[in-house]
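For the sequence shown, the residue numbers in our numbering are 35 to 440. Everything on this sheet refers to the single structure shown next.
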Amino acid sequence: MLGAGVGLMRFLIALGLALALTGCAIAPRNVPDNALAASKAVIPGIPFARVWGDEAPAHLVAEIEKHMPSVKRLASAARIVHGRPHVYILALSGGGSNGAFGAGLLTGWSESGKRPRFDLVTGVSAGAIIAPFAFLGPAYDPVLEQIWTQYETSELIVAQILPGILGGPALADTTPLAHLIDKYVTRGFLRAIAAEYARGRMLLIGTTNLDAERPVYWNMGEIAASRHPQKLELFRKIILASAAIPGAFPPVEIEVETDGKRVQEMHVDGGTTRDVFVAPARLRLSALDRLYPSPPKRHIYIIMNSKMTPEFEPVKPTAISIGARAVATLIKSHDGGDLYRIRQQALASGADFRLSFIPPDFDKKATQAFDPVYQRALFERGRKLGRRGGGWHRDLPDPTAGLRAR
Numbered sequence: 035m036l037g038a039g040v041g042l043m044r045f046l047i048a049l050g051l052a053l054a055l056t057g058c059a060i061a062p063r064n065v066p067d068n069a070l071a072a073s074k075a076v077i078p079g080i081p082f083a084r085v086w087g088d089e090a091p092a093h094l095v096a097e098i099e100k101h102m103p104s105v106k107r108l109a110s111a112a113r114i115v116h117g118r119p120h121v122y123i124l125a126l127s128g129g130g131s132n133g134a135f136g137a138g139l140l141t142g143w144s145e146s147g148k149r150p151r152f153d154l155v156t157g158v159s160a161g162a163i164i165a166p167f168a169f170l171g172p173a174y175d176p177v178l179e180q181i182w183t184q185y186e187t188s189e190l191i192v193a194q195i196l197p198g199i200l201g202g203p204a205l206a207d208t209t210p211l212a213h214l215i216d217k218y219v220t221r222g223f224l225r226a227i228a229a230e231y232a233r234g235r236m237l238l239i240g241t242t243n244l245d246a247e248r249p250v251y252w253n254m255g256e257i258a259a260s261r262h263p264q265k266l267e268l269f270r271k272i273i274l275a276s277a278a279i280p281g282a283f284p285p286v287e288i289e290v291e292t293d294g295k296r297v298q299e300m301h302v303d304g305g306t307t308r309d310v311f312v313a314p315a316r317l318r319l320s321a322l323d324r325l326y327p328s329p330p331k332r333h334i335y336i337i338m339n340s341k342m343t344p345e346f347e348p349v350k351p352t353a354i355s356i357g358a359r360a361v362a363t364l365i366k367s368h369d370g371g372d373l374y375r376i377r378q379q380a381l382a383s384g385a386d387f388r389l390s391f392i393p394p395d396f397d398k399k400a401t402q403a404f405d406p407v408y409q410r411a412l413f414e415r416g417r418k419l420g421r422r423g424g425g426w427h428r429d430l431p432d433p434t435a436g437l438r439a440r
C-alpha cells in the first residue's frame with residue numbers, strides 16, 4: 035500500500051531507524067541459487083500464472099496463444115463498433131487508505147450508468163484489493179464500499195514493534211487483513227473470476243519479487259481457472275503480497291519451482307517497483323493486435339489513489355518529519371514516472387488515455403493509518419466524481435497549475 039498517509043510514513047521511519055540499529059540471526063530461506071534460476075521460476079501446474087513486469091519476451095504473443103485458453107475469445111469480449119474492436123482497460127494504483135477514492139469513483143461511475151465493462155483490469159497494492167471486485171462489475175460495488183469505509187487500523191493490522199526490532203520480518207502483523215481478504219475471496223468468487231476469464235477478459239495484479247528486485251504481474255484469471263489444489267490460497271496470497279509495505283507488513287512467501295527444485299520467493303508491495311501498470315514496461319500494446327480480427331481501439335482509464343500535484347507543507351526540522359516528507363515526495367515522483375510510461379505506451383498504440391486522481395482541494399486529514407471517517411469522506415468525493423463521469427484528464431497533471439493566479 036505504498037502511497038499511504040504521512041502519519042503512517044512517520045510510523046515506518048521511526049521504527050525503521052530503530053530496526054536499523056538492531057541485529058539478530060535470521061533463519062535461512064530456501065531460495066533460487068542465482069538470478070538466472072529466479073528468472074526461470076514457475077508456479078507448478080500453472081504455466082502462465084505470471085510474467086515479469088519489466089520485460090516483453092520476443093515471443094510473448096506466441097506464449098500467450100499457447101498457454102491462455104481465453105485468447106481465442108478476446109474478439110468476442112471486445113465491443114465491435116463500425117467493424118473495429120474497442121478494448122477498455124482499467125488500471126488501479128496503490129495508495130493505502132486512499133484506496134477509498136478509487137472504490138468511490140467506481141461506485142459513482144456505476145450509478146451514472148456510463149461505466150464500461152473492462153476487458154483488462156490491473157491493480158497494485160490498494161488497487162489490488164479493489165481490482166478483483168472492479169473486474170466482476172457494479173454488482174460488487176457494495177462490497178467495495180464496506181471494505182473501504184468500515185474498517186479502522188486495529189481491524190486490519192496489529193503492531194508488533196518489539197518482534198520487528200528484534201529481527202522479525204515486519205513491524206506489524208497483517209493477519210486481520212488476511213482474514214478480511216479470506217472473507218470476500220471465496221471459492222465462489224474464484225469461479226466468477228474464472229468465468230469472465232473464459233470469456234476473454236483479464237485481471238492482473240502486481241507484486242514485487244524482492245529477492246530479484248523485479249515487478250511481477252500475476253494472471254489471476256489463469257490461477258482462478260486452473261486445477262491447482264491451492265489456487266484459492268495462492269489467489270489470496272497475491273492480493274496480500276501486493277499490499278505488503280516492505281518492513282512494515284510481513285512479506286509473503288510463494289513456493290515456485292526452478293531447475294527441478296522447490297524454492298520460496300519473497301513478494302512485497304507491488305508499488306515498490308510499479309505503483310500502476312497496464313502491461314509490461316517494454317511491451318508495445320500494438321504487439322497484441324494480432325490477437326484480434328483487426329487492430330483494436332484501446333481506451334485506457336487510470337485511477338490514481340493519491341494526489342498527483344505538489345502540496346506545500348512546512349516540514350518540522352526533525353529526522354522523522356524530514357524522512358517521512360522525503361519518502362512521500364519520492365513516491366509521488368515514482369508515480370509520475372509510472373504514468374509517463376503508460377502514457378507513452380498509449381500514444382505509441384493510438385490508445386485513448388484518461389487519468390483521474392484525488393482532487394488537490396480535498397483537505398480532510400486522517401487521524402490514523404486507516405481512518406473510517408476520513409475514508410468515508412474520500413469515498414464520497416470519489417463517488418461524486420464518478421457520478422459526473424470520473425473527472426478524467428487526458429494529459430498528465432501540470433505541477434505548476436496550483437501556482438497560477440486564478
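Even glycine gets a Cβ: it sits at the ideal position worked out from N, Cα and C.
Beta bridge counterpart(s) of Phe391 as assigned by DSSP:
By one-based count along the sequence shown, residue 391 stands at place 357. Looking at the DSSP assignment, Phe391 forms a beta bridge with Met338.
Along the chain, where does the alpha helix (DSSP H) containing Ala246 start, and where does it finish?
The sequence position of residue 246 within the sequence shown is 212, counting from 1. Unbroken run through Ala246: none, as it is neither H nor E.
Beta-carbon gap between Ile376 and Ile273 smaller than 8 angstroms:
Counting from 1 along the sequence shown, the entry for residue 376 is found at position 342. Counting from 1 along the sequence shown, the entry for residue 273 is found at position 239. Going by C-beta atoms, Ile376 is not nearer than 8 angstroms to Ile273.
How big is the Cα-Cα spacing for Gly423 and Leu268?
Here residue 423 corresponds to residue number 389 of the sequence shown, with the count starting at 1. Here residue 268 corresponds to residue number 234 of the sequence shown, with the count starting at 1. Spanning the two alpha carbons is a distance of roughly 35 angstroms.
With DSSP run on the structure shown, which of helix, strand or coil describes Met43?
Indexing the sequence shown from 1 puts residue 43 at position 9. Unreliable placement is indicated for Met43, whose pLDDT of 49 sits below 50; the coordinate value is still reported in the next sentence. In this structure, Met43 counts as helix in the three-state DSSP scheme.
Where Ala125 sits in the DSSP three-state scheme
On the sequence shown, residue 125 is found 91 positions in, with the first residue counted as 1. DSSP places Ala125 in strand when its eight states are reduced to three.
Return yes when the Cβ of Gly136 is within less than 8 angstroms of the Cβ of Ile279, no when it is not.
To locate residue 279, count along the sequence shown from 1; it is residue 245. To locate residue 136, count along the sequence shown from 1; it is residue 102. Not closer than 8 angstroms, so no.
Can the beta-carbon of Asp386 be found less than 8 angstroms from the beta-carbon of His333?
Taking the sequence shown and counting its residues from 1, the one referred to as residue 386 is at position 352. Taking the sequence shown and counting its residues from 1, the one referred to as residue 333 is at position 299. A distance below 8 angstroms separates the beta carbons of Asp386 and His333.
Just reading off the beta strand (DSSP E) that Lys295 is part of, what are its end residues?
If you number the sequence shown from 1, residue 295 lands on position 261. Its beta strand (DSSP E) spans residues 295 to 303.
Tell me which residues share the same chain as Val121 and place their Cβ nearer than 6 angstroms to its Cβ, disregarding the 5 neighbours each side in the sequence.
Along the sequence shown, one-based indexing puts residue 121 at 87. Around Val121: Ala112, Asp153, Pro330, Arg332.
Can you tell which of Ala400, Ala246, Tyr335 has the C-alpha that lies nearest to the C-alpha of Ala125?
Against the sequence shown, residue 125 aligns to sequence position 91. Sorting Ala400, Ala246, Tyr335 by C-alpha distance to the C-alpha of Ala125 places Tyr335 at the top.
Taking the CB atoms as reference points, tell me whether Val155 and Gly304 lie closer together than 8 angstroms.
Position 121 of the sequence shown holds residue 155. Position 270 of the sequence shown holds residue 304. No.
Grab the span of the beta strand (DSSP E) containing Leu154 for me, first residue to last.
Residue mapping note: residue 154 aligns to position 120 of the sequence shown, counting from 1. Its beta strand (DSSP E) spans residues 154 to 158.
Let me check understanding here. Comparing Cα to Cα, which of Ala206, Glu145, Leu412, Tyr185 lies closest to Pro285?
Position 251 of the sequence shown, counting from 1, holds the residue named residue 285. The shortest C-alpha separation from Pro285 is found at Ala206.
Just the Cα atoms here: how many angstroms apart are Ser320 and Ala382?
The sequence position of residue 320 within the sequence shown is 286, counting from 1. The sequence position of residue 382 within the sequence shown is 348, counting from 1. Going from the Cα of Ser320 to the Cα of Ala382 covers about 8 angstroms.
Contact belief for Gly416 with Gly240 at Cβ below 8 angstroms, rounded distance in angstroms:
Translated into positions along the sequence shown, residue 416 becomes position 382. Translated into positions along the sequence shown, residue 240 becomes position 206. Rounded to whole angstroms, the Cβ separation of Gly416 and Gly240 is 21 angstroms, and the two are not in contact under 8 angstroms.
So the beta strand (DSSP E) Arg225 belongs to, where does it begin and stop?
Translated into the one-based positions of the sequence shown, residue 225 becomes position 191. Run containing Arg225: none in the beta strand (DSSP E); it sits in the alpha helix (DSSP H), 221 to 232.
Would Glu299 pass as a contact of Ala75 if the rule is Cβ separation under 8 angstroms?
Residue numbering aside, residue 299 sits at position 265 when the sequence shown is read from its first letter. Residue numbering aside, residue 75 sits at position 41 when the sequence shown is read from its first letter. Cβ distance < 8 angstroms, so Glu299 and Ala75 count as in contact.
Bridge partners - Glu267, DSSP secondary structure assignment
Taking the sequence shown and counting its residues from 1, the one referred to as residue 267 is at position 233. Note: Glu267 sits in no beta bridge, so no partner.
Nearest-angstrom Cα separation, counted from Asn68 out to Gln180:
The residue labelled residue 180 in the question sits at position 146 within the sequence shown. The residue labelled residue 68 in the question sits at position 34 within the sequence shown. Distance between the alpha carbons of Gln180 and Asn68: 43 angstroms.
Whole-angstrom distance between Asp293 and Pro431, CA atom to CA atom
One-based indexing of the sequence shown puts residue 431 at position 397. One-based indexing of the sequence shown puts residue 293 at position 259. Their backbone Cα atoms lie some 46 angstroms apart in a straight line.
If we count Cβ pairs, one from each stretch, closer than 8 angstroms, do we get three or more for the stretch 307 to 315 versus the stretch 341 to 357?
Between the stretch 307 to 315 and the stretch 341 to 357, the count of Cβ pairs shorter than 8 angstroms is below three; the stretches do not touch.
Assuming Glu256 is part of the alpha helix (DSSP H), what are its boundary residues?
Taking the sequence shown and counting its residues from 1, the one referred to as residue 256 is at position 222. Element bounds for Glu256: 254 to 259.
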